[in-house]
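Asks: Residue numbers (our numbering), protein chains in the order written: chain A, 1 to 126; chain B, 1 to 489.
Glycine included, each C-beta is placed from N, C-alpha and C at the ideal position.
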């Protein structure tokens, strides 16, 4: 098992659990239930990858969190996977443009456990 | 209404501008014609007094110069209403001035004998486009009568006659009177027909403009509706997709036996998936309810006599488990004017209330769809229970008869549901009845709410010609106020 850490941020506990099961064989997994919690803990944790749900309690919570991560020098180089239940583009209500915030990979839920593991390996290595 | 009027002006203003513009051009020719009229007539050996006619021609040309510059100035105006007003004023001035100069010209080129009086027709036709139908008739009769009166005055030798034919004035009175009378009748007939036609065209134009405006409005409305519908579809699809994604993800992990199936983790995954499946079903049911109401598939079945107090009590009773678990107190205050009963005291508990329920008159009746109203009230009371903090109070106030100040004679029923719960974020309060809109703090309490309960409640009230309002403060509480007519027209 690698000593690398993946930080899962999602407000749906069942989804967190399934993602955790998919990845915990290869990585340390930390979880947070909100964007706010993610930002509070990310500095001390220094994860190697962050997996962010796009829409949590607030429609733009995932996007806002990703923007803030990009603005902070300590976190701006951590790769981010955005996970979303929204089709193709993030266009609900706020019509936000994907180019306005940073992410390394955009995946639509549900993601096959094997695929998620592969994508994680591509971004952080084994 | 204001809009319609301004659009009528917008349509008529270019029309009027065109008419005034062309009548100015026409007047140059007419003025010139009058100027050379004495020479033409004398060429044919008619006798004409040239001086008054030439002076009249100069007057016509002079005021036409004034009109020409007035029109040129008015054309540039940007205020459509102001422009239109000036054109109407110019139209009136033209009608009056043209009539005066025309009468003077007619008088000096033969008066009662002249056949040039048919020029009055042109004048009346131009007038008829500017004037309303009623004024048009008045002006026509006035114009023709004026000429007839002048002719009669000449005939009676009260004013001199400028004879075109070198004839002495001993023309047969009878002949002239008959002739003039025939001309008078023909002219009047022609004018009335013209007036009828232009009047008809005008009303048709106004109708067309109205129809056009209505069409535009309808198209806008349909476009907005279509947009709303497709947005609703998009949101619905997303709302369905989210829980499905979680269920599939959980099943994926379980079918690959990535965790032992008899472990606690597997159990919690199954529980989670089960919860999501339930919320998915709730969502589908709510979506069907809402679309059924909107499409009119769910007909509103009005019943005349049912007891709203009992209805509210049934709802509270069905929620009693959650109420007890959270140690909530539901106070009810029923003011039943129709029965001349007022229960100003609050009933705190189910048991306490039951004693009074027996005393309640069997009335407190209302008109409405019992099943739908129950659904509506249930959604609101359930929300109050769901979002109340443990140990909090809920106040339900029901007044069965309230005078509606706006519409005389109609009476409303009023229901207020007040909680001391988490409240609604200001940012979301305005949209709280819109489908899928949920305050973030509500999602904290219950992540899987459908976001359709309030939309359904509002839809049901609209079907009852009622209304729903909300007041809320974050962390302090929320009050929903419902009114609907006692008798639905």
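Would residue 193 (chain B) be called buried (16 or more neighbouring beta carbons within 10 Å of its own) or exposed?
Replies: exposed
Asks: Measuring alpha carbon to alpha carbon, tell me which residue in B:306, B:388 and B:125 is nearest residue 323 (chain B).
Replies: The shortest C-alpha separation from residue 323 (chain B) is found at B:388.
Asks: If you draw a straight line from the C-alpha of residue 158 (chain B) to the C-alpha of residue 197 (chain B), how long is it?
Replies: 39 angstroms
Asks: I want to see whether chain B comes within less than 7 angstroms of residue 17 (chain A), judged by CB atoms only; does it?
Replies: At a cut-off of 7 angstroms, the C-beta of residue 17 (chain A) has a neighbouring C-beta in chain B.
Asks: Report the three-state DSSP secondary structure of residue 185 (chain B) (helix, strand or coil).
Replies: helix
Asks: Between which two residues does the alpha helix (DSSP H) harbouring residue 161 (chain B) extend?
Replies: Here residue 161 (chain B) belongs to no alpha helix (DSSP H), and DSSP marks it neither H nor E.
Asks: Measure from the alpha carbon of residue 277 (chain B) to the alpha carbon of each residue in B:240, B:465, B:306 and B:309, then state which is nearest.
Replies: B:240
Asks: Taking the alpha carbon of residue 114 (chain B) as the point to measure from, which residue in B:377, B:37 and B:326 has its own alpha carbon closest?
Replies: B:37
Asks: Could you pull out every residue in the same chain whose Cβ sits closer than 7 angstroms to the Cβ of residue 88 (chain A), ignoring the five residues on either side in sequence?
Replies: No answer about residue 88 (chain A) holds up, because its pLDDT of 44 lies below 50 and its placement is not dependable.
Asks: Would you mind sorting residue 317 (chain B) into buried or exposed? The rule is 16 or more other CB atoms within 10 Å of its CB.
Replies: Its Cβ having fewer than 16 others within 10 Å, residue 317 (chain B) is exposed.
Asks: Let me know if residue 92 (chain A) comes out buried or exposed under the rule of 16 or more other beta-carbons within 10 Å of its beta-carbon.
Replies: At residue 92 (chain A) the pLDDT is 44, less than 50, meaning the model places this residue with poor confidence; the figure from the coordinates comes in the next sentence. With 16 or more Cβ atoms within 10 Å of its Cβ, residue 92 (chain A) is classed as buried.
Asks: Less than 8 angstroms between the CB atoms is what I'm expecting for residue 64 (chain B) and residue 89 (chain B), so what's the real figure, rounded?
Replies: Wrong, their Cβ atoms sit about 16 angstroms apart, outside the cutoff.
Asks: Chain B beta carbons: is any one of them nearer than 7 angstroms to that of residue 110 (chain A)?
Replies: yes
Asks: Looking at residue 453 (chain B) and residue 379 (chain B), is the spacing between their C-beta atoms short of 7 angstroms?
Replies: yes
Asks: Can you name, in chain order, every residue of its own chain whose Cβ lies under 6 angstroms from the Cβ of residue 76 (chain A), other than the five neighbours on each side?
Replies: 70
Asks: Shorter than 7 angstroms from the beta carbon of residue 75 (chain A) to some beta carbon of chain B?
Replies: no
Asks: Report the option in A:68, A:72, A:27 and A:113 whose CA atom is closest to the CA atom of residue 248 (chain B).
Replies: A:113
Asks: Could you tell me whether the stretch 415-424 of chain B touches the stretch 371-385 of chain B, where touching means 3 or more Cβ pairs closer than 8 angstroms?
Replies: yes
Asks: Please confirm if the stretch 330-337 of chain B is in contact with the stretch 431-439 of chain B, defined as three or more CB-CB distances below 8 angstroms between the two stretches.
Replies: Contact fails: fewer than three Cβ-Cβ distances are below 8 angstroms.
Asks: Grouping DSSP H, G and I as helix and E and B as strand, with all else coil, what is residue 476 (chain B)?
Replies: Three-state result, residue 476 (chain B): coil.
Asks: Would you report the Cα separation of residue 52 (chain A) and residue 68 (chain A), rounded to the nearest angstrom?
Replies: In this structure, the CA atom of residue 52 (chain A) is about 13 angstroms from the CA atom of residue 68 (chain A).
Asks: May I ask you to report which of helix, strand or coil DSSP gives residue 139 (chain B)?
Replies: helix
Asks: Residues in the stretch 421-452 of chain B with C-beta within 7 angstroms of chain A's C-beta atoms, listed in sequence order?
Replies: 440, 443, 444 and 447
Asks: On the DSSP bridge assignment, give the partners of residue 30 (chain A) in chain order.
Replies: Note: residue 30 (chain A) sits in a beta bridge opposite A:7.
Asks: Measuring only between beta-carbons, confirm whether residue 472 (chain B) sits less than 7 angstroms from chain A.
Replies: It does not: the Cβ of residue 472 (chain B) has no partner Cβ on chain A nearer than 7 angstroms.
Asks: Counting Cβ pairs, one atom from each stretch, are 3 or more of them under 8 angstroms apart for the stretch 133-152 of chain B and the stretch 179-191 of chain B?
Replies: yes
Asks: Under a CB-based cut-off of 7 angstroms, is residue 21 (chain A) close to chain B?
Replies: Yes - at least one Cβ of chain B is within 7 angstroms of the one on residue 21 (chain A).
Asks: Are there 16 or more other CB atoms within 10 angstroms of the CB of residue 264 (chain B), so buried, or fewer, so exposed?
Replies: exposed
Asks: What's the gap between the Cα of residue 246 (chain B) and the Cα of residue 369 (chain B)?
Replies: 38 angstroms
Asks: Just the Cα atoms here: how many angstroms apart are residue 147 (chain B) and residue 103 (chain B)?
Replies: 7 angstroms
Asks: Using a Cβ-Cβ cut-off of less than 7 angstroms, list which residues of the stretch 44-76 of chain A approach chain B; keep chain order.
Replies: 57 and 58
Asks: Please state the DSSP three-state secondary structure of residue 496 (chain B).
Replies: Only positions 1 to 489 of chain B appear in the structure, and residue 496 (chain B) is not among them; the question remains open.
Asks: Within 7 angstroms (strictly less), CB to CB, does residue 236 (chain B) reach chain A?
Replies: no
Asks: Given that residue 11 (chain A) touches chain B, what residues does it touch there, using C-beta distances under 8 angstroms?
Replies: 443 and 447
Asks: Using a Cβ-Cβ cut-off of less than 9 angstroms, list which residues of the stretch 264-297 of chain B approach chain A; keep chain order.
Replies: 265, 268, 269, 271, 272, 273, 275 and 276
Asks: According to DSSP, simplified to helix, strand and coil, what is residue 321 (chain B)?
Replies: Note: residue 321 (chain B) maps to helix in three-state DSSP.
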